[in-house]
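Under this note's numbering, the first residue of the sequence shown carries the number 81, and numbering increases by one thereafter.
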Amino acid sequence: FSWNVPQTLSDTVKGIKLKQSISVAADDPDALTTWLEEFSLYEDITEKAKLWFESDGTREITSWIEQSFNASDEEPDRDRFELLVNQLIYLENYNLPLDEYQSIYQSLEGHLNPDYLKIAVKYNMSLSMSSTLSRINEIKDQLPVPNPKSSGTIPQRASTQQRKAIATNEPLVLTQAGAGTGKSSVIISRIDNLISRGVDPSDVLVLSFTNAAANNIKKRNPNIGSKTIASMIHDIYHKNYPSHELSTTETLINVLKIRFGDTPFINRFSDLMMEIESNTPGSYTRLNSFVEYNFDGVIAALDQANQTTLILEIIICYQNIDKMVEPKELIAKYLIIDEVQDNSIFEFIYLICYGIKHKMNMFMVGDSSQVLYEFRNANPKALNTLEKSGVFTTYQLTTNYRSNQEILDFANVALRDIKANKYAQIQLQANNLILPTHESF
Numbered sequence: 081f082s083w084n085v086p087q088t089l090s091d092t093v094k095g096i097k098l099k100q101s102i103s104v105a106a107d108d109p110d111a112l113t114t115w116l117e118e119f120s121l122y123e124d125i126t127e128k129a130k131l132w133f134e135s136d137g138t139r140e141i142t143s144w145i146e147q148s149f150n151a152s153d154e155e156p157d158r159d160r161f162e163l164l165v166n167q168l169i170y171l172e173n174y175n176l177p178l179d180e181y182q183s184i185y186q187s188l189e190g191h192l193n194p195d196y197l198k199i200a201v202k203y204n205m206s207l208s209m210s211s212t213l214s215r216i217n218e219i220k221d222q223l224p225v226p227n228p229k230s231s232g233t234i235p236q237r238a239s240t241q242q243r244k245a246i247a248t249n250e251p252l253v254l255t256q257a258g259a260g261t262g263k264s265s266v267i268i269s270r271i272d273n274l275i276s277r278g279v280d281p282s283d284v285l286v287l288s289f290t291n292a293a294a295n296n297i298k299k300r301n302p303n304i305g306s307k308t309i310a311s312m313i314h315d316i317y318h319k320n321y322p323s324h325e326l327s328t329t330e331t332l333i334n335v336l337k338i339r340f341g342d343t344p345f346i347n348r349f350s351d352l353m354m355e356i357e358s359n360t361p362g363s364y365t366r367l368n369s370f371v372e373y374n375f376d377g378v379i380a381a382l383d384q385a386n387q388t389t390l391i392l393e394i395i396i397c398y399q400n401i402d403k404m405v406e407p408k409e410l411i412a413k414y415l416i417i418d419e420v421q422d423n424s425i426f427e428f429i430y431l432i433c434y435g436i437k438h439k440m441n442m443f444m445v446g447d448s449s450q451v452l453y454e455f456r457n458a459n460p461k462a463l464n465t466l467e468k469s470g471v472f473t474t475y476q477l478t479t480n481y482r483s484n485q486e487i488l489d490f491a492n493v494a495l496r497d498i499k500a501n502k503y504a505q506i507q508l509q510a511n512n513l514i515l516p517t518h519e520s521f
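As structure tokens, this is what we get:
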């Protein structure tokens, strides 16, 4: 396997004998030649490929981790750790199921000391997500909750499902809201509920996906913070690097090459930025690692160009999160995030880290079946990770106020087949008691 390539022909032959129960002597070149002539590369490749569609691939990785590392070791074997890192990077080329990533993370957590665990998970975005969720779970009991002695204001029109989400006292909440189930109403009612229970409006920050949604929230509640995620990150970044103007990736690369020429540093930096533009698997991880290990050089280059990009803004804000000076209106105790399904895994990681930094109560609303922006790195796996983790208390909204049951029955067939709906298992019910008939359908 790619993470443990044998160094000698003898080891290779022994490995072949072990795996395939054939008789080839390590010191018999003729026997080896005969075996190689009969060996089917096609069959070998197809067998290896099957590993990534079953749990066998993960078992190979976790077994190797368990044999190679011990959490009590101050420092793991350098060569083996390097092989591990390369394999974690390589995994991002595969559509590995969420359950498999959780198994790998648990194996790493049990066999690496905390310092090296922190290093290893940086090389795989899905593992970074698992690590970040583990961190916020550790401080869950330190997060603020609204006054438990009051249920606060709840609209009379709210359904039983909506009421549970609106008035929850849990510090970490994910509301799985199917299409047309009153998601926006729940968010607005949640804000009113918090304020009615004594929460200062200035301690509430709402992050939406679009400017229109953010403006609508602000219009209804002028005293709370309401932003898009992109504008929040831009405001933080601009406060710390005011001379960097937002630009496109292509323009920034051209300016950097004019300023610095075709140096190895600039060429590598440019290539990594273009990988993200092409939505290449693992591109966020590679650019994030590059910025981390060349932070001062990256900032110096951007200072010379007086430019940045939206992607660099979030990576730099993430890398320097503990030192970033933040606008006062973005520091809150209650964070509400709308349309979370359209965030990238990296945005999820950053927002949860931001919640950890400020010890914020987090209330997220979304539906992984409704992801629209995968071309912009939105990934239903991020929301699936939250759903599966058990760190966030989940509520479901399944009563649909838009369509009749005939249409919803048809939609539910598709929802059952959507992989992103694997954990939520959302099935929609119309807001009436009229049963469909053959004719009405």
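Note that the Cβ used here is the ideal one computed from N, Cα and C, for glycine as well.
Annotation: the continuous beta strand (DSSP E) that includes F443 extends over N441 to G446. Residue pairing by DSSP puts V284 in a beta bridge opposite Y414. Counting along the chain, K337 sits inside the alpha helix (DSSP H) bounded by residues T329 to F340. Per DSSP, the continuous beta strand (DSSP E) segment holding V253 begins and ends at L252 to A257. A direct Cα-to-Cα measurement between S306 and V471 gives close to 25 Å. Between L515 and T478, the C-beta gap is not smaller than 9 Å, which leaves the two residues out of contact. The Cβ-Cβ distance between L463 and S483 does not fall below 9 Å. Restricting attention to L382, G258 and S369, the CA atom closest to the CA of I333 is found in L382. Three or more Cβ pairs closer than 8 Å define a contact, and the segment 181 to 194 falls short of that threshold against the segment 217 to 228.
Taking C-beta atoms under 8 Å as the contact rule, I401 and K437 qualify, at a distance of about 6 Å. Boundaries of the beta strand (DSSP E) around Y475: T473 to L477. Residue range K263 to S276 is occupied by the alpha helix (DSSP H) that includes S276.
Looking at the backbone, the Cα of K128 and that of Y453 are separated by about 32 Å. Of all alpha-carbon atoms in D153, M205 and L513, the one lying nearest the alpha-carbon of L192 is that of D153.
With fewer than 16 other Cβ atoms inside 10 Å of its own Cβ, F119 counts as exposed.
In this structure the segment 383 to 393 touches the segment 331 to 350; the number of beta carbon pairs closer than 8 Å is three or more.
Under DSSP, the beta-bridge partners assigned to K307 are L287.
When DSSP states are grouped into helix, strand and coil, E325 belongs to the strand group. The Cβ atoms of L326 and T389 lie closer than 9 Å to each other.
A Cβ-Cβ separation of about 6 Å places T261 in contact with N480 under the 8 Å criterion.
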